[in-house]
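*Asks:*
Residue numbers (full-length UniProt numbering): 1 to 285.
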């Protein structure tokens with residue numbers, strides 16, 4: 001990397017970091033503004049409506065092989081990932097699920113070699129490993145219990161998102177603008193989630209203004225805008241660097257819990273947060 005490139009890459013990293021920071025607000029919005037016991041419905045409503053709006057505004061459809069590529073990316077990045085995350089969240093304590101999902105940067109490093117032909121540096125491995133340790137210190141509790149199905153779902157979810165990240169980089173030369181590229185993935189992912197939400201959950205009833213505002217926030221800001229930023233960043237940065245930025249989500253979620261909900265913050269959690277930030281900074285070099 002030349003001296004002239006560093007400011008540009010730093011600016012790109014900072015812009016891309018907006019996405020996981022906003023994703024970190026998902027927990028507090030979900031618990032404080034959405035109806036309880038409808039996680040699949042929440043996942044569906046945050047991806048499908050905004051996806052339809054985005055492709056309607058763009059008037060751009062995929063052509064040829066891009067139909068299959070966007071369908072596959074939509075399943076990996078959105079649909080299957082959200083479904084596996086739902087299973088993990090129900091079968092595991094939140095801290096365990098978050099820690100397993102934090103292994104995604106390691107999976108990205110492994111997949112980048114055969115799919116992108118890139119050789120990971122020792123520093124990249126160290127940064128990714130440190131990030132996992134940091135998230136574990138940040139969110140794990142001594143009472144955390146393990147469940148085989150939940151762990152399998154969490155690891156599969158991390159692998160899904162990792163593969164989606166690497167393939168998004170591999171297929172970066174898309175003829176579609178970023179909004180259409182994102183919108184079609186959200187639609188395909190949402191259509192995958194639709195039958196699960198209809199079959200496994202009761203219909204929503206008696207929505208309040210607060211509920212509607214919560215769904216609107218998660219759809220517009222927590223999904224449409226953030227996924228556009230995230231995919232924009234993948235096109236310009238190394239996939240391992242982008243995946244490490246994703247570790248900002250549990251840091252932001254913990255910070256918001258402390259600042260807004262008055263949750264306690266232990267010295268060990270502070271150390272974990274510092275380790276995560278160090279791993280992210282190191283991974284951008």
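Cβ coordinates follow ideal geometry from the N, Cα and C atoms, glycine included. These numbers were taken from a predicted model, which means no experiment stands behind them.
Taking 6 Å as the limit between beta carbons, can you name the residues of its chain near residue 139, skipping five residues before and five after?
*Replies:* Excluding residues within five positions, the ones whose Cβ falls inside 6 Å are 95, 98, 250.
*Asks:* To which residues of the same chain is residue 50 closer than 7 Å at the C-beta, ignoring the five residues directly before and after it?
*Replies:* So the qualifying residues of the chain are 186, 219, 220, 223, 224.
*Asks:* Is it the case that the stretch 64 to 77 contacts the stretch 173 to 193, given that we only count it when at least three CB pairs across the two stretches are under 8 Å?
*Replies:* Yes: at least three Cβ pairs fall under 8 Å.
*Asks:* Starting from residue 271, trace the alpha helix (DSSP H) in both directions and tell me its first and last residue.
*Replies:* Run containing residue 271: 267 to 283, per the alpha helix (DSSP H) assignment.
*Asks:* For the alpha helix (DSSP H) containing residue 232, name the first residue and the last one.
*Replies:* Unbroken alpha helix (DSSP H) run through residue 232: 226 to 236.
*Asks:* Give the single residue among 247, 81, 266 whose Cα lies nearest to the Cα of residue 47.
*Replies:* Among 247, 81, 266, the Cα nearest to that of residue 47 is on 81.
*Asks:* Under a three-way DSSP split, which group does residue 145 fall into?
*Replies:* Note: residue 145 maps to coil in three-state DSSP.
*Asks:* Find the nearest neighbour of residue 174 within the set 266, 147, 160, 231, judged by alpha-carbon distance.
*Replies:* When only C-alpha atoms are compared, the closest one is 231.
*Asks:* Does the distance from the CB of residue 248 to the CB of residue 17 come in under 8 Å?
*Replies:* Going by C-beta atoms, residue 248 is nearer than 8 Å to residue 17.
*Asks:* Would you report the Cα separation of residue 286 and residue 272, rounded to the nearest angstrom?
*Replies:* The shown model of the chain, from 1 to 285, leaves out residue 286, and the question about it has no answer.
*Asks:* Would you mind giving the Cβ-Cβ distance between residue 197 and residue 41, rounded to the nearest angstrom? I have them listed as a contact below 8 Å.
*Replies:* Sure, about 5 Å apart at Cβ, within 8 Å.
*Asks:* If we ignore side chains and look at the alpha-carbon of each, how far apart do residue 177 and residue 62 end up?
*Replies:* Their backbone Cα atoms lie some 10 Å apart in a straight line.
*Asks:* Among the candidates 142, 202, 154, whose CA atom is the shortest distance from the CA of residue 104?
*Replies:* Nearest option by C-alpha distance: 154.
*Asks:* Please state if the CB of residue 134 and the CB of residue 276 are separated by a distance shorter than 8 Å.
*Replies:* In contact: residue 276 and residue 134 (Cβ atoms closer than 8 Å).
*Asks:* Just the Cα atoms here: how many angstroms apart are residue 279 and residue 229?
*Replies:* Each residue's alpha carbon lies about 21 Å from the other.
*Asks:* Going by the CB atoms, is the gap between residue 101 and residue 157 shorter than 8 Å?
*Replies:* Result yes, Cβ atoms of residue 157 and residue 101 sit closer than 8 Å.
*Asks:* Determine whether the beta carbon atoms of residue 283 and residue 43 lie at a separation below 8 Å.
*Replies:* No. Outside cutoff.
*Asks:* In terms of alpha-carbon separation, which member of 9, 169, 45, 8 lies closest to residue 194?
*Replies:* Here the closest residue by C-alpha is 45.
*Asks:* Mapping DSSP to helix, strand and coil, what is residue 63?
*Replies:* Three-state result, residue 63: coil.
*Asks:* Any idea what DSSP makes of residue 171, helix, strand or coil?
*Replies:* Correct three-state label for residue 171: coil.
*Asks:* In whole angstroms, what separates the C-alpha of residue 117 from that of residue 162?
*Replies:* When rounded, the distance between both Cα atoms is 16 Å.
*Asks:* Using a 10 Å radius around the Cβ and a threshold of 16 neighbouring Cβ atoms, would you call residue 209 buried or exposed?
*Replies:* Burial call: exposed.
*Asks:* Is the separation between the beta-carbon of residue 33 and that of residue 179 shorter than 8 Å?
*Replies:* No, the Cβ-Cβ distance between residue 33 and residue 179 is not below 8 Å.
*Asks:* Please list the segments of the alpha helix (DSSP H) lying wholly inside the stretch 100 to 164, counting only runs of 4 or more residues, in order along the chain.
*Replies:* List check, alpha helix (DSSP H) in window: 104 to 116, 122 to 139.
*Asks:* Quick check: the Cα distance between residue 129 and residue 246, rounded to an integer number of angstroms?
*Replies:* Rounded to whole angstroms, residue 129 to residue 246 spans 14 Å at the Cα level.
*Asks:* Within the continuous alpha helix (DSSP H) that includes residue 243, where are the two ends?
*Replies:* Where residue 243 is concerned, the enclosing alpha helix (DSSP H) stretches over 239 to 245.
*Asks:* Kindly indicate which three-state DSSP category residue 223 falls into: helix, strand or coil?
*Replies:* Note: residue 223 maps to helix in three-state DSSP.
*Asks:* What's the call for residue 269, buried or exposed, on a 16-neighbour Cβ count within 10 Å?
*Replies:* Buried is the call here.
*Asks:* Is it true that the CB of residue 115 sits closer than 8 Å to the CB of residue 167?
*Replies:* Taking 8 Å as the Cβ cut-off, residue 167 and residue 115 qualify as a contacting pair.
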